[in-house]
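Just so you know, the protein sequences line up as chains A and B, in that order.
If you use our numbering, the first sequence closes out at 206, no skipped numbers anywhere.
If you use our numbering, the second sequence closes out at 412, no skipped numbers anywhere.
C-beta atoms are modelled at their ideal positions from N, C-alpha and C, and glycine is treated no differently.
There are 2 protein chains.
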Amino acid sequence: MTINYPKGSSHQLSSLKKDTGKKRPVNFANRGMTFEAEINQTNQYYLDRDIAVIHKKPTPVQIVSVDYPKRSAAVIKEAYFKEASTTDYNGVYKGRYIDFEAKETKNKTSFPLTNFHEHQIVHMKRCLNQQGIVFVLICFSSIKRYFLVPASLVIEFWKKKYTNGRKSIPLSDIEKKGYEIIPGFSPRIPYLETLDRYFGEGDYFK
Amino acid sequence: MTINYPKGSSHQLSSLKKDTGKKRPVNFANRGMTFEAEINQTNQYYLDRDIAVIHKKPTPVQIVSVDYPKRSAAVIKEAYFKEASTTDYNGVYKGRYIDFEAKETKNKTSFPLTNFHEHQIVHMKRCLNQQGIVFVLICFSSIKRYFLVPASLVIEFWKKKYTNGRKSIPLSDIEKKGYEIIPGFSPRIPYLETLDRYFGEGDYFK
Chain A
1 MTINYPKGSS
11 HQLSSLKKDT
21 GKKRPVNFAN
31 RGMTFEAEIN
41 QTNQYYLDRD
51 IAVIHKKPTP
61 VQIVSVDYPK
71 RSAAVIKEAY
81 FKEASTTDYN
91 GVYKGRYIDF
101 EAKETKNKTS
111 FPLTNFHEHQ
121 IVHMKRCLNQ
131 QGIVFVLICF
141 SSIKRYFLVP
151 ASLVIEFWKK
161 KYTNGRKSIP
171 LSDIEKKGYE
181 IIPGFSPRIP
191 YLETLDRYFG
201 EGDYFK
Chain B
207 MTINYPKGSS
217 HQLSSLKKDT
227 GKKRPVNFAN
237 RGMTFEAEIN
247 QTNQYYLDRD
257 IAVIHKKPTP
267 VQIVSVDYPK
277 RSAAVIKEAY
287 FKEASTTDYN
297 GVYKGRYIDF
307 EAKETKNKTS
317 FPLTNFHEHQ
327 IVHMKRCLNQ
337 QGIVFVLICF
347 SSIKRYFLVP
357 ASLVIEFWKK
367 KYTNGRKSIP
377 LSDIEKKGYE
387 IIPGFSPRIP
397 YLETLDRYFG
407 EGDYFK
């Protein structure tokens, strides 16, 4: 029997068990989840337990024309995507401001800086200046590894690219200066636990 | 000579000088600004000077259909407004998480609670639990007065409305437990100065 899983991505398929003839419960929970969905599930987990309040910002849209039909909801008839001027996620954890961007790459040995826009780098710097906790969550989807990378490392490489021309951050640097996140079931991407494990309270990324 | 100022609102017109026959520079800067525009100008002021990083969140939109014409930008052809699950503004100031909603009313003696949705109240409570600094900026447009009102006061009245049926916060309570903001030229609504004036660092709305 062939089953086609819609939107199934390779790193979830590894959890499939071979059919041994016995019926056993198969965990479908995280199969086919995108990295974004994994983070949203994680944030929902934190929210439900009063651990942190962190939301993804809505996609910025420039609305040009709206229809107001009688007796039904307003319909946006023409709109355009705008470039975001900030990172995608922010919120509060133990009184501290949390700000991050989530990025996925299929590369196996480095993380391409083309994943960022100049204004996101500027935003991260500004938040650091205000003593926010700022980082990037990176998913290396081909090798199934996740990292919490301090914004300072990304900014350092961003600056360097104008001098040495290198357009990516080597995985070895991310291993050295970032923090690996071991994905779980719930929460899927326990990044706040990673923050806590590496830093005493109040010492986040100073 | 009659001049019609588009979108000119009464509280800016007071700055108009009588024509004395001499030509003098007239300040058009804040005339006709909506409360939202005034806050955006204020946030831009703080951003430019590295005082705080506070942004308005984009309007949440559910996108249903998108056209990808050749050689031009993607056009959203069908989308709907979604209800926001958080407040409109958040960001970071001196390491602390800032979260607020901005509301305008034409009422002169009270602020109607119908300006809020249940989920916004829930969101404010959650942020308070995380020791965020949470408040509402209220503009009484008819009497030209601005207040910074701690979220705790709004939550208190929100709860009460189920017991005593009162559906608004009297201005007198806002005067007692909120903090009046004296509008300036730049920044227009200096709400962070108001925060600082009333609270020592670290004592915000505990």
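Asked                                                                                                                                                                                 : Found
So what's residue 274 of chain B in DSSP terms, helix, strand or just coil?                                                                                                           : coil
Excluding five sequence neighbours on each side, which residues of the same chain lie with their C-beta closer than 7 Å to the C-beta of residue 282 of chain B?                      : 269, 272
Do you know offhand how far residue 274 of chain B's Cα is from residue 260 of chain B's?                                                                                             : 33 Å
Unbroken beta strand (DSSP E) runs of length 3 or more, entirely within the segment 143-201 of chain A: which are they?                                                               : 145-150, 168-170, 179-181
Under 8 Å Cβ-Cβ, which residues of chain B neighbour residue 94 of chain A?                                                                                                           : 336, 337
Please report the straight-line C-alpha distance between residue 33 of chain A and residue 103 of chain A, rounded to a whole angstrom.                                               : 14 Å
Within the 8 Å Cβ cut-off, does residue 267 of chain B reach chain A?                                                                                                                 : yes
Quick one: which chain A residues come within Cβ less than 9 Å of residue 259 of chain B?                                                                                             : 86, 97, 99, 123, 126, 127, 129, 130, 132
With the cut-off set at 8 Å, would you say residue 346 of chain B and residue 311 of chain B are in Cβ contact?                                                                       : yes
Would you mind giving the Cβ-Cβ distance between residue 264 of chain B and residue 60 of chain A, rounded to the nearest angstrom? I have them listed as a contact below 8 Å.        : 4 Å
Return the CA-CA distance between residue 142 of chain A and residue 291 of chain B, expressed in angstroms with no decimal places.                                                   : 34 Å
Between the Cα of residue 288 of chain B and the Cα atoms of A/73, A/107, A/180, which residue gives the shortest distance?                                                           : A/73
Output the boundary residues of the alpha helix (DSSP H) element that contains residue 334 of chain B.                                                                                : 324-335
For the alpha helix (DSSP H) that residue 249 of chain B lies in, which residues bound it at each end?                                                                                : 241-254
Return the chain-ordered list of same chain residues with a C-beta closer than 6 Å to the C-beta of residue 124 of chain A, the five sequence neighbours on each side being excluded. : 134, 151
Does DSSP put residue 292 of chain B in a helix, a strand or coil?                                                                                                                    : coil
Along the chain, where does the beta strand (DSSP E) that runs through residue 76 of chain A open and close?                                                                          : 75-81
Can you confirm whether residue 246 of chain B, when its beta carbon is compared against all beta carbons of chain A, has any partner nearer than 8 Å?                                : no
Determine, using beta carbons only, whether residue 385 of chain B and residue 400 of chain B come nearer to each other than 8 Å.                                                     : yes
Just the C-alpha distance for residue 130 of chain A and residue 93 of chain A, rounded to the nearest angstrom, thanks.                                                              : 15 Å
Show which residues of chain A have a CB atom less than 9 Å away from the CB atom of residue 286 of chain B.                                                                          : 73, 74, 75, 76
Rounded to whole angstroms, what is the Cα-Cα separation between residue 190 of chain A and residue 110 of chain A?                                                                   : 23 Å
Please tell me whether residue 343 of chain B and residue 354 of chain B are closer than 8 Å, where the distance is taken between their beta carbons.                                 : yes
Excluding sequence positions up to five away, which residues of its chain have a Cβ less than 8 Å from the Cβ of residue 234 of chain B?                                              : Low per-residue confidence applies at residue 234 of chain B: pLDDT is 49, beneath 50, and the placement is therefore not dependable enough to give any value.
Here's the rule: buried if 16 or more other CB atoms are within 10 angstroms of the residue's CB, otherwise exposed. What is residue 241 of chain B?                                  : buried
Output the boundary residues of the beta strand (DSSP E) element that contains residue 343 of chain B.                                                                                : 339-346
Using the three-state DSSP reduction, which class does residue 105 of chain A fall into: helix, strand or coil?                                                                       : strand
Give the interface partners of residue 276 of chain B over in chain A, defined as CB-CB distance under 7 Å, in chain order.                                                           : What residue 276 of chain B touches in chain A: nothing, since even the nearest Cβ is about 16 Å away.
Which residues mark the beginning and the end of the beta strand (DSSP E) in which residue 56 of chain A is found?                                                                    : 53-56
Would you kindly work out how many angstroms separate the C-alpha atoms of residue 37 of chain A and residue 257 of chain B, rounded to a whole number?                               : 34 Å
Quick one: using the 10 Å Cβ neighbour count with 16 as the cut-off for buried, is residue 107 of chain A buried or exposed?                                                          : exposed
With a threshold of 8 Å between beta-carbons, can residue 296 of chain B be considered close to chain A, or not?                                                                      : yes
Run through chain A and tell me which residues come within less than 9 Å of residue 264 of chain B, C-beta to C-beta.                                                                 : 57, 58, 59, 60, 61, 82, 84
For the beta strand (DSSP E) containing residue 318 of chain B, list its first residue and its last residue.                                                                          : 316-318
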